[in-house]
Amino acid sequence: MTADPFSLRGRTALVTGARRGIGAAIAAGYAAAGADLILMARDAALEDTLEAIKQNGGGEATVVIADFADPDAVEATAIELARTRRIDILVNNAGTIRRGPAAETSTADWRHVIDVNLNSTWAVTRPIGAAMAERRTGKIVTIASLLSFQGGVRVPAYTASKHAVAGLTRALANEWGPAGVQVNAIAPGYISTDNTTELRADPARDAAIRERIPAGRWGRAEDLVGAAVFLASAAADYVNGHVLAVDGGWLAR
1039 MTADPFSLRG RTALVTGARR GIGAAIAAGY AAAGADLILM ARDAALEDTL
1089 EAIKQNGGGE ATVVIADFAD PDAVEATAIE LARTRRIDIL VNNAGTIRRG
1139 PAAETSTADW RHVIDVNLNS TWAVTRPIGA AMAERRTGKI VTIASLLSFQ
1189 GGVRVPAYTA SKHAVAGLTR ALANEWGPAG VQVNAIAPGY ISTDNTTELR
1239 ADPARDAAIR ERIPAGRWGR AEDLVGAAVF LASAAADYVN GHVLAVDGGW
1289 LAR
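Quick note on this note's numbering: the sequence shown kicks off at 1039 and runs consecutively.
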């Protein structure tokens, strides 16, 4: 064990969906822990994230543009990154949600959610993880969901994608663990982000959610940073194939 097992100094982390919310918070947290960052997002409007990285004493930060609704383009970008950069940590955070009754969910909406949440996660992870396995070291952290465990309401594609993400985490942990790569996931609880705006705007739904959470509040993106740093650090060298819930106690009810 190193003197500071939670340090990320000297490592480069690729964070997808880093423009705002959970991805931006994790990028800033990794900067504070000493990592250099590669920020992958669908557009270049990353000023807030870059400023947060700077404020947290971060080193180099590179921006890469990729549309996660296009897994083939994402894969091509990831292959080039794996070829040209040593990436020690991968955070698969990019995601989307479409709400509505299952009977009214279009095939186009279904495919969009699956492409962003699952197929593009695979498109990034396969080449980056393969390079890690070849070097025999690396950390992969994917953002799962409480709906990796539960069914949810009116989000069939999202639930399917997040169940699949949990399964992929375990499958890759089994395959790449012997090569020194730890593959884990974080399952956030109800977090105040763009994806939950509709829920928080509904007084009845908001109250019901708060009532079930033992912590008594919605989570903040910053609440996930400690878990993300842990899973990317030497402190988690013997943690593999785990989906860590950071949910204020939701699953305990």
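For each residue, glycine too, the CB sits at the ideal point set by N, CA and C. A quick note: this is a predicted structure, and the numbers were derived from the prediction, not measured.
In the DSSP assignment, L1077 forms a beta bridge with V1053 and V1101.
Looking at R1137, S1158, V1112 and A1120, the one whose alpha-carbon comes closest to that of A1171 is A1120.
The beta carbons of V1193 and I1247 sit no closer together than 8 Å. In the same chain as A1111, and ignoring 5 residues on each side of it, the C-beta atoms closer than 8 Å to its own belong to A1104 and D1105, in chain order. DSSP, read as helix, strand or coil, puts L1282 in strand. The same chain holds no residue with a CB closer than 6 Å to that of D1042 once the five nearest residues on each side in sequence are set aside. From the listed residues A1283, V1281 and V1267, the smallest Cα separation to G1072 is found for V1267. Within the stretch 1204-1257, the alpha helix (DSSP H) runs of at least 4 residues that lie entirely inside it are, in chain order, 1235-1239 and 1241-1250. Annotation for P1165: A1116, I1117 and A1120 place their beta carbon closer than 6 Å to its own, counting only its chain and skipping 5 residues before and after.
With fewer than 16 other CB atoms across the displayed protein chains lying within 10 angstroms of its CB, E1213 is exposed.
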